[in-house]
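Asker: Residue numbers (full-length UniProt numbering): 1 to 428.
Mind having a look at this structure? Questions to follow.
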């Protein structure tokens, strides 16, 4: 069986007020081509299908057409809810989608039989079981009580999450025994696992009081398909517990990321899918029955970031005029100006120079010189050595805010807020 793992499509997203519809449409067309070429049996989307709880009609239409196209290929489709998705939005057509071989799981408030999905190959043979876990909302797992401490709530939530995973895994084992087939058991999740790397585009995800969870809450899945983090990566020591990452750049700090989807192949005939964890759970050795192949996603929307003083920026602009003449696909550009012209003058100069090109300047901001940033980091090696005022000043410096009156007003507001916090701590 072949499974394609992807996540964090964020359909309907606007990037600095620019629509990504054409880019997302191109990605979905490419995904259909990959599934046909690779003869994929199952497509799993691990959360954040939409960018908001109320996606625009164009985004819904894009998904609906994709569901129909996937069904024509004979591919089983699994759509899991993320922290950006609304349960009601994803579940509104759930019964209808079942007739199109599409399973939608956006909440744990479903019968266990519906949360453990039997995955088939194209011949209809049961080939794996999936414990389909979406983004876990605290209200679905625990009931808060007045007077509970934050640490107590955190511990109960962590235990509830672990119990939910163990319950689904036990149910999957029972179904595997009933099938009489030695098939792998897969898991999913939309969360932050401890030790992972994040990017600017990931909004803070707090599951109750949890910002991240330890990997030992998961049962010994043969493959764990994770979503929420936009950088493709795997949990340390777990070769088959992976984030696929977002399929396109959702912020300028992701320019260096190679975007991908994960093609996962299972060979049950050679497997020993024991319910017991491996004797060396942190081993980096690959399970020979499971193969994870990253497939690079093409860039459908060119993006670039320029950083430097005005002389350096101006030199780069001359090159862009040659590389992106008018009539070509547009380049989305971010400019980070370290010194030189004021922002208003810089905007005017940039607009004049790029007037007859396909370059779309989406953001211009002032930033601290990289040399100054390095010196500041060397002088203050850890956050614990910085005062709140110093942290605020460094953030203000990198904000790109030019107007000194605005900066002075923000300093005043910050000092007032800090005083209120400190007074509250003393009172406690």
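Idealized CB from N, CA, C, for every residue including glycine.
With residue 186 and residue 221 assumed to form a contact (beta carbons below 8 Å), what rounded beta-carbon distance in angstroms separates them?
Answerer: Stepping through the chain shown from its first residue, residue 186 is reached at position 186. Stepping through the chain shown from its first residue, residue 221 is reached at position 221. That belief holds up - the Cβ atoms of residue 186 and residue 221 are roughly 6 Å apart, short of 8 Å.
Asker: My output table needs one value for residue 19: the three-state DSSP class, helix, strand or coil.
Answerer: Looking up residue 19 in the chain shown gives position 19. Three-state DSSP puts residue 19 in a strand.
Asker: Measure the CB-CB distance between residue 48 and residue 103 and report whether it falls below 9 Å.
Answerer: Reading the chain shown from its first residue, position 48 is the one you call residue 48. Reading the chain shown from its first residue, position 103 is the one you call residue 103. Their beta carbons are not under 9 Å apart, which means residue 48 does not touch residue 103 by this criterion.
Asker: Going by DSSP, what residues sit across from residue 514 in a beta bridge?
Answerer: No answer is possible for residue 514: it lies beyond the span of the chain, which begins at 1 and ends at 428.
Asker: Just reading off the beta strand (DSSP E) that residue 321 is part of, what are its end residues?
Answerer: Translated into the one-based positions of the chain shown, residue 321 becomes position 321. Note, residue 321: premise wrong, no beta strand (DSSP E); alpha helix (DSSP H) at 310–323.
Asker: Helix, strand or coil for residue 388, going by three-state DSSP, please let me know.
Answerer: Position 388 of the chain shown, counted from the start, is the residue given in the question as residue 388. Reduced to three states, the DSSP call for residue 388 is helix.
Asker: Near residue 6, what residues of its chain come up, given a Cβ to Cβ distance below 8 Å and the 5 sequence neighbours on each side ignored?
Answerer: Stepping through the chain shown from its first residue, residue 6 is reached at position 6. Same-chain partners within the cutoff: 31, 43, 44, 45, 46, 244, 247, 261 and 262.
Asker: Would you give the residue range spanned by the alpha helix (DSSP H) that residue 89 belongs to?
Answerer: Counting from 1 along the chain shown, the entry for residue 89 is found at position 89. 87–91 is the span of the alpha helix (DSSP H), which, as asked, contains residue 89.
Asker: With a Cβ-Cβ cutoff of 9 Å, do residue 53 and residue 86 count as a contact?
Answerer: In the chain shown, the residue the question calls residue 53 occupies position 53. In the chain shown, the residue the question calls residue 86 occupies position 86. Cβ distance < 9 Å, so residue 53 and residue 86 count as in contact.
Asker: Contact defined as beta carbons within less than 8 Å: I believe residue 301 pairs with residue 23. What is the distance between those atoms, to the nearest angstrom?
Answerer: Position 301 of the chain shown, counting from 1, holds the residue named residue 301. Position 23 of the chain shown, counting from 1, holds the residue named residue 23. Right, their Cβ atoms sit about 4 Å apart.
Asker: What's the gap between the Cα of residue 69 and the Cα of residue 88?
Answerer: Within the chain shown, the letter at position 69 stands for residue 69. Within the chain shown, the letter at position 88 stands for residue 88. Taking the straight line joining both Cα atoms gives about 23 Å.
Asker: When you compare each of 149, 75, 112 and 143 to residue 119 by their alpha carbons, which one comes out closest?
Answerer: The residue labelled residue 119 in the question sits at position 119 within the chain shown. For the residues 149, 75, 112 and 143, the minimum Cα distance to residue 119 belongs to 75.
Asker: For residue 161, which residues of its own chain have a beta-carbon under 7 Å away from its beta-carbon, when the five flanking residues on both sides are left out?
Answerer: Position 161 of the chain shown holds residue 161. Hits under 7 Å: 136, 141, 213 and 217.
Asker: Cutting at 7 Å between CB atoms, please list the residues of its own chain near residue 36, excluding the five before and the five after it.
Answerer: To locate residue 36, count along the chain shown from 1; it is residue 36. Correct list, in chain order: 73.
Asker: Check whether the Cβ atoms of residue 223 and residue 266 lie closer than 9 Å to each other.
Answerer: Residue mapping note: residue 223 aligns to position 223 of the chain shown, counting from 1. Residue mapping note: residue 266 aligns to position 266 of the chain shown, counting from 1. Yes, these two residues count as a Cβ contact at 9 Å.
Asker: Can you tell me whether DSSP reads residue 176 as helix, strand or coil?
Answerer: Locating residue 176 in the chain shown gives position 176, counting from the first residue. Helix.
Asker: Just to confirm, is the Cβ distance from residue 21 to residue 112 under 9 Å?
Answerer: Stepping through the chain shown from its first residue, residue 21 is reached at position 21. Stepping through the chain shown from its first residue, residue 112 is reached at position 112. For residue 21 and residue 112, no; Cβs fall outside 9 Å.
Asker: Less than 8 Å between C-beta atoms, sequence neighbours within five positions excluded: which residues of the same chain meet that for residue 194?
Answerer: One-based indexing of the chain shown puts residue 194 at position 194. Around residue 194: 212, 213, 214 and 215.
Asker: Rounded to whole angstroms, what's the CA-CA distance from residue 254 to residue 304? Just pull it up for me.
Answerer: Position 254 of the chain shown, counted from the first residue, corresponds to residue 254. Position 304 of the chain shown, counted from the first residue, corresponds to residue 304. Roughly 10 Å separates the two Cα atoms.
Asker: Is it buried or exposed, residue 116, if we count other Cβ atoms within 10 angstroms and call 16 or more buried?
Answerer: Residue 116 sits at position 116 when you count from the first residue of the chain shown. It is buried - the Cβ of residue 116 has at least 16 other Cβ atoms within 10 Å.
Asker: Could you tell me whether the Cβ atoms of residue 365 and residue 334 are closer together than 9 Å?
Answerer: On the chain shown, residue 365 is found 365 positions in, with the first residue counted as 1. On the chain shown, residue 334 is found 334 positions in, with the first residue counted as 1. It is a contact, given that the beta carbons lie within the stated cut-off.
Asker: Classify residue 416 as buried or exposed, calling it buried when 16 or more other Cβ atoms lie within 10 Å of its own Cβ.
Answerer: For the purposes of this step, residue 416 is taken as residue 416 along the chain shown, with counting starting at 1. Under this definition residue 416 is an exposed residue.
Asker: Please list the segments of the beta strand (DSSP E) lying wholly inside the stretch 208–253, counting only runs of 3 or more residues, in order along the chain.
Answerer: If we require 3 residues or more, the beta strand (DSSP E) runs fully inside the stretch 208–253 come out as 223–227 and 241–243.
Asker: At which residue ranges does the stretch 109–160 contain complete alpha helix (DSSP H) runs of 4 or more residues, listed in the order of the chain?
Answerer: Complete alpha helix (DSSP H) runs here, min 4: 112–115 and 138–141.
Asker: For residue 99, does the count of other Cβ atoms within 10 angstroms reach 16, so buried, or fall short, so exposed?
Answerer: In the chain shown, residue 99 corresponds to position 99, counting from 1. When all chains shown are included, residue 99 counts as exposed.
Asker: Take the Cβ of residue 4 as the centre, count every other Cβ of all protein chains shown within 10 Å, and call the residue buried at 16 or more, exposed below.
Answerer: Here residue 4 is taken as the residue at index 4 of the chain shown, counted from 1. Label assigned to residue 4: buried.
Asker: Report buried or exposed for residue 13, applying the criterion of at least 16 other Cβ atoms within 10 angstroms of its Cβ.
Answerer: For the purposes of this step, residue 13 is taken as residue 13 along the chain shown, with counting starting at 1. Residue 13 comes out buried.
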